[in-house]
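These protein sequence lines map, in sequence, to chains A and B.
Under numbering that gives the first Met the number 0, the first residue of the first sequence is numbered 0, with each subsequent residue one higher.
Under numbering that gives the first Met the number 0, the first residue of the second sequence is numbered 0, with each subsequent residue one higher.
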Amino acid sequence: MKESSVHENAKKYGMVINLDKCTGCGSCMVACMSENNIPFKADETNKLDSITWMRVYRLTNKEPFPKTEMCYLPRPCMHCGGKGDHGHSPCVSVCPATATDYDHKTGIVSQIYTRCFGCRYCMAACPYRARYFNWWDPVWPKEMESMLNPNVSPRMRGVVEKCSFCFHRYQLAMEKAYLEERRELEEHEYQTACTQACPSGAIVFGDLNNPSHKVHELKKHPNAFRLLERLQTNPKVYYISSREWVRRSGDNYLIGENKTSTK
Amino acid sequence: MIDAALIPKDVKRCSFPVFLLGISIVGAILIWGVYAMFLCWFKGLNQTNMNDSFGFALWIWADLAVIALGGGAFFSGFLKYILGKDELQSIINFAVLIGFICYSSALLILAIDIGQPLRGWFIFWHANVHSMLTEVAFCLSLYFCVLTIEVIPLVLENRKLDSVPFFHHLSHRMHEVMAIFAATGAFLSFFHQGSLGGVAGVLYGRPFGYREGIFIWPWTFFLFTWSAAACGPSFTLMLVKITEIISRKKLIKDNAVQLLAKISGWMLGTYMIAKIADTIYWAFKTAPSMGFRFMDFYTASPYHGLWIFILEICIGGLFPAYVFLTEKNRKTPWLLWSAVVCAVIGVSTNRWVMVLQVTAMPVLPFETWPLYIPSWQEVATTVLPVAYGIMTVALAHRYLPVFPHEKELNS
Chain A
0 MKESSVHENA KKYGMVINLD KCTGCGSCMV ACMSENNIPF KADETNKLDS ITWMRVYRLT
60 NKEPFPKTEM CYLPRPCMHC GGKGDHGHSP CVSVCPATAT DYDHKTGIVS QIYTRCFGCR
120 YCMAACPYRA RYFNWWDPVW PKEMESMLNP NVSPRMRGVV EKCSFCFHRY QLAMEKAYLE
180 ERRELEEHEY QTACTQACPS GAIVFGDLNN PSHKVHELKK HPNAFRLLER LQTNPKVYYI
240 SSREWVRRSG DNYLIGENKT STK
Chain B
0 MIDAALIPKD VKRCSFPVFL LGISIVGAIL IWGVYAMFLC WFKGLNQTNM NDSFGFALWI
60 WADLAVIALG GGAFFSGFLK YILGKDELQS IINFAVLIGF ICYSSALLIL AIDIGQPLRG
120 WFIFWHANVH SMLTEVAFCL SLYFCVLTIE VIPLVLENRK LDSVPFFHHL SHRMHEVMAI
180 FAATGAFLSF FHQGSLGGVA GVLYGRPFGY REGIFIWPWT FFLFTWSAAA CGPSFTLMLV
240 KITEIISRKK LIKDNAVQLL AKISGWMLGT YMIAKIADTI YWAFKTAPSM GFRFMDFYTA
300 SPYHGLWIFI LEICIGGLFP AYVFLTEKNR KTPWLLWSAV VCAVIGVSTN RWVMVLQVTA
360 MPVLPFETWP LYIPSWQEVA TTVLPVAYGI MTVALAHRYL PVFPHEKELN S
């Protein structure tokens with residue numbers, strides 16, 4: 000059986016982020032950086048060369064006061080299924096050294112740091128700017144080195160990295176399940192660091208294909224949308240917002256075009 | 000002269016001290032570039048002003064530009080050895096030499112540009128057959144080998160080397176089978192020029208670069224090959240002219256210039272029709288289907304304004320095509336050489352647009368388009384291949400019979 004057809008029945012891990020609940024506190028970003036040993040510089044003001052696997056954007060409706068509204072939008076890697084959801088994600092299909100791969104068993108797009116040689120073609124391919132290049136060698140303050148996560152390898156200078164949906168947690172959970180002679184995980188057994196850190200419960204994570212997982216129903220919410228759906232990248236991160244302007248901010252539209260007419 | 004024994008017979012060259020002075024000036028620039036190159040290798044790409052939005056920057060543009068401009072080698076070789084255009088005998092050695100310089104430069108730039116240069120071989124070892132960049136790497140490396148083989152007979156024709164019977168016969172035999180290498184070169188060039196076009200064309204997450212196409216090849220695949228064949232000869236002609244001005248000699252026959260300009264004209268004219276058709280389809284069909292208007296790509300930043308589109312299509316495409324295709328204009332020197340320069344600018348602009356603009360343009364509506372100014376290390380490493388090229392041409396012109404009709408044209 001072809002891998003792509005297996006994927007229909009396999010797990011497809013994804014997220015649903017309720018933007019009405021997100022306060023923009025940044026806990027998800029901090030948790031992500033801590034969990035995944037993400038290096039940082041003394042001065043992180045230049046966001047064009049700093050690494051944030053999970054990045055919170057601030058959106059506005061561009062209306063003058065008093066009609067001004069704001070919304071915070073957390074953006075991890077979208078783990079795109081690609082056109083037709085066959086696993087040909089924009090980045091996976093272009094990597095010349097097969098250093099990024101699509102796992103058909105989980106739907107997670109991986110990054111093999113020791114194979115990446117830093118051509119940055121995947122970054123060019125990703126419309127979400129979810130991929131980051133290590134412009135510097137990672138250096139942590141001496142006291143922090145003992146606090147690094149032993150389950151996540153730090154990345155060296157000159158390679159690309161990105162959100163992995165905390166894949167090491169999936170591996171640990173599966174190992175535990177195997178020891179208990181199980182092949183399936185409970186929803187709570189595999190959760191990403193950002194999901195657990197979100198104080199308002201805005202981020203929900205699970206198997207989009209599994210009816211017993213919350214995300215299965217949440218993704219069908221009438222106000223659910225995905226970023227840049229028109230490009231057919233098939234992201235696995237869904238957003239929910241009750242505000243029309245926020246939903247429209249998730250994609251590009253021609254003047255006079257409404258969201259429903261483009262589907 | 001101290002090096003008189005190495006200089007081809009019956010041609011005039013400047014005195015050795017003057018030559019040495021010229022080489023030293025270029026050599027100083029070369030050393031500056033080499034210093035910057037080592038900085039990038041030892042300290043990393045943080046020496047550049049590239050960032051996560053401008054991950055493809057000055058180098059990659061220079062890389063694609065020199066590959067397109069080096070296209071004069073494969074196209075001239077194709078015309079001379081496969082189609083039998085013997086008028087090009089006058090320029091073929093020089094075209095091959097320029098191709099060799101361009102492709103060796105391109106490989107060097109790639110070696111500097113990747114974040115982990117010691118892992119560069121992974122592209123062959125862990126090759127992803129779906130990636131256009133894999134095709135680029137294989138075809139580029141193989142074509143460089145072909146160009147090296149094509150250059151060897153020219154090097155062996157040096158007066159001193161030619162006096163060794165083995166080298167003399169080797170050179171002679173290699174000339175006899177050169178058509179095979181020219182054909183191989185044309186085949187490989189078609190694919191790597193094309194796959195470089197495909198690099199941007201397959202990016203379906205990047206509306207500015209994405210193009211539909213046929214089977215696995217986006218239209219940019221064919222447009223890149225076409226434009227390299229059309230404009231590469233212009234670069235060869237431009238460098239011949241510069242060499243003629245510096246050496247104060249006539250180096251190639253007028254009929255070779257006219258024939259190459261005329262064929263380039265047909266290639267450029269037909270390329271422009273295809274390019275304009277592609278642009279219209281993309282502007283009215285592809286981009287709107289992704290939620291973009293044509294002007295969205297040209298008004299978001301003055302850095303990438305409409306001027307760049309006019310420069311590429313009108314000044315760098317339609318004007319030289321018109322001049323090359325009309326005999327009267329083609330035979331008017333100032334118009335001919337202006338068209339040659341414009342064609343070089345046109346194809347270089349196209350590569351800038353299709354590499355930098357494609358990846359820098361934000362796709363998320365709430366992202367911004369940052370400004371990028373290269374660091375001195377980037378400038379120095381981009382100047383490095385230019386200095387290397389000047390030095391190689393100077394050495395080749397002095398010691399090798401690059402222009403077979405030089406003696407006849409200057410007697």
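No residue lacks a Cβ here, since even glycine has one placed at the ideal position from N, Cα and C.
Under the Cβ criterion (8 Å, minimum of three pairs), the segment 190-206 of chain B does not count as touching the segment 162-177 of chain B.
Around the CB of residue 91/B, 16 or more other CB atoms lie within 10 Å, so the residue is classed as buried. The distance from the Cβ of residue 14/A to that of residue 203/A is about 7 Å, consistent with a contact at the 8 Å cut-off.
Residue pairing by DSSP places residue 206/A opposite 12/A in a beta bridge. Between the alpha carbons of residue 228/B and residue 348/B lies a distance of about 16 Å. Nearest neighbour of residue 21/A by Cα position, chosen from 70/A, 53/A, 176/A, 66/A, turns out to be 70/A.
Residue 42/A is not bridged by DSSP to any residue. Here the C-alpha atom of residue 115/B lies approximately 11 Å from the C-alpha atom of residue 133/A. It is roughly 11 Å from the alpha-carbon of residue 136/A to the alpha-carbon of residue 41/B.
With a threshold of 8 Å between beta carbons, residue 294/B makes no contact with chain A.
Secondary structure note for residue 298/B: its alpha helix (DSSP H) is the uninterrupted segment 295-298. For residue 109/A, DSSP records a beta bridge to 100/A.
Listed by position along chain B, the residues whose Cβ is nearer than 9 Å to that of residue 157/A are 43, 44, 113, 114, 115, 116, 118.
Counting along the chain, the unbroken alpha helix (DSSP H) around residue 341/B starts and ends at 332-351. Contact between residue 36/B and residue 383/B holds: CB atoms are separated by about 6 Å, below the 8 Å threshold. Inside the segment 238-305 of chain B, DSSP marks whole alpha helix (DSSP H) runs of 4 or more residues at positions 253-280, 295-298, from first to last along the chain. One alpha carbon belongs to residue 26/A, the other to residue 192/A, and they sit about 10 Å apart. Your pair residue 240/B and residue 409/B does not check out as a contact, with CB atoms roughly 16 Å apart and the cut at 8 Å. Taking a beta-carbon distance threshold of 8 Å, residue 219/B does not count as an interface residue toward chain A. In the pairwise beta carbon analysis, the segment 358-368 of chain B is classified as not touching the segment 213-227 of chain B: fewer than three pairs are separated by under 8 Å. Residues of the same chain with a CB within less than 6 Å of the CB of residue 117/A, apart from the 5 flanking positions on each side, are 157, 158 in chain order. Using a CB distance cut-off of 8 Å, residue 396/B does not count as an interface residue toward chain A. Proximity of the segment 261-278 of chain B to the segment 322-340 of chain B meets the contact definition, three or more beta-carbon pairs being nearer than 8 Å. No residue range can be given for residue 252/A, since it is assigned to no beta strand (DSSP E) and is classified by DSSP as neither H nor E. At least one beta carbon of chain B lies nearer than 8 Å to the beta carbon of residue 48/A.
Taking C-beta atoms as the reference points, residue 191/B and residue 139/B count as a pair closer than 8 Å.
Around residue 366/B, the beta-carbon contacts reaching into chain A at under 7 Å are 128. Contact annotation: residue 353/B and residue 193/B have beta-carbon atoms that are not nearer than 8 Å.
Counting of Cβ neighbours within 10 angstroms places residue 103/B among the buried residues, the total reaching 16 or more. Only residues of its own chain outside the window of five on either side were considered, and among them 6, 12, 14, 15 have a CB closer than 8 Å to the CB of residue 0/B, listed in chain order.
If the five residues before and after residue 166/A are omitted, its C-beta is found closer than 7 Å to the C-beta atoms of 107, 109, all from its own chain and listed in chain order. In the DSSP assignment, residue 73/A forms a beta bridge with 55/A. Your pair residue 222/A and residue 151/A does not check out as a contact, with CB atoms roughly 34 Å apart and the cut at 8 Å. Between the C-alpha atoms of residue 332/B and residue 398/B there is a straight-line separation of about 29 Å. The segment 46-56 of chain A and the segment 44-62 of chain B touch, with three or more beta-carbon pairs separated by less than 8 Å. Residue 149/A counts as exposed, since fewer than 16 other C-beta atoms from the protein chains shown sit within 10 angstroms of its C-beta.
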